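Quick note on our numbering: the sequence shown kicks off at 54 and runs consecutively.
C-beta atoms are modelled at their ideal positions from N, C-alpha and C, and glycine is treated no differently.
This structure is a prediction, so every number in the text was calculated from the model and none was measured.
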Amino acid sequence: MKQPARAPRGKPAAKRKSREDLNMEARDRKRDKKHRGHVSGSRANPVAQSQNQKKGTAAKDPRVGSKKPVPLLAAGQKVQQPEVKKKQPAKAEKVRMTPAEELAMLENDERLDQLLDRLENGDALSAEEQAWLDETLDRIDVLMEELGIEMDDDADDEQAEKDMLRLLKGN
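Right, dumping it as structure tokens:
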């Protein structure tokens, strides 16, 4: 006859859990694990965490590492500042003069008188001076036409030039 199987010595045999019980426990573990850790942005915004601390103590910086500023350039290099463009002041509108005022101003211009004297003496003018003189004389012609001042067209060009010089010099 066969003898009955003996029960193991030591711990009694544990009851096996059903698949349904194992699944329930796994879901519980997963739910607990899901809510671990700090809230998002806790490193960037440590103020929210410091609410639990006492008001009298200073808040400690939660970030790890050295707080010493690091130089971004080598020891001998100079910092090159970008050139800042200066704002140009708003251009004030040019004061409009009447043609008579402008003509009087041009007739009393010292630079014009000096250049005309040099021309009479036969001196040569630089290209810049000649261009300025031509531009100024053209402007005087336009102003004289606007004001109705006419030069004698019957006389030759040299006489017209002398008359203009005489008018400008105020003789």
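Out of curiosity, what's the CA-to-CA distance linking residue i and residue j?
i, j, result
"M77", "K87", "15 Å"
"P152", "K139", "36 Å"
"K70", "R80", "15 Å"
"D216", "V137", "54 Å"
"L126", "V132", "8 Å"
"A213", "P135", "58 Å"
"N161", "I193", "12 Å"
"E211", "L178", "19 Å"
"P57", "D74", "32 Å"
"K121", "K113", "15 Å"
"G129", "E181", "48 Å"
"K83", "G90", "14 Å"
"R59", "K68", "18 Å"
"V123", "A143", "43 Å"
State the CB to CB distance for the pair residue i and residue j, rounded to an integer number of angstroms; the pair is presumed to be in contact (CB under 8 Å).
i, j, result
"L169", "L220", "At roughly 11 Å, the Cβ-Cβ gap does not stay under 8 Å, so L169 and L220 are not in contact."
Name the residue from the options whose alpha carbon lies nearest to the alpha carbon of residue i.
i, options, result
"R116", "E181, A97 and Q133", "A97"
"L159", "R89, D81 and M197", "M197"
"T189", "E155, S179 and K68", "E155"
"K222", "A157, K83, Q130 and K55", "A157"
State yes or no: is the beta carbon of residue i nearer than 8 Å to at least one beta carbon in chain B?
i, result
"I202", "The question asks about chain B, but that chain is absent: this structure has only one protein chain."
Contact between the region 193-201 and the region 172-180: three or more CB pairs below 8 Å? no
Counting pairs of beta carbons, one from the region 182-192 and one from the region 153-165, are three or more of them closer than 8 Å? yes
May I have a chain-ordered list of the alpha helix (DSSP H) segments no shorter than 4 residues that lie completely inside the region 171-217? 180-200
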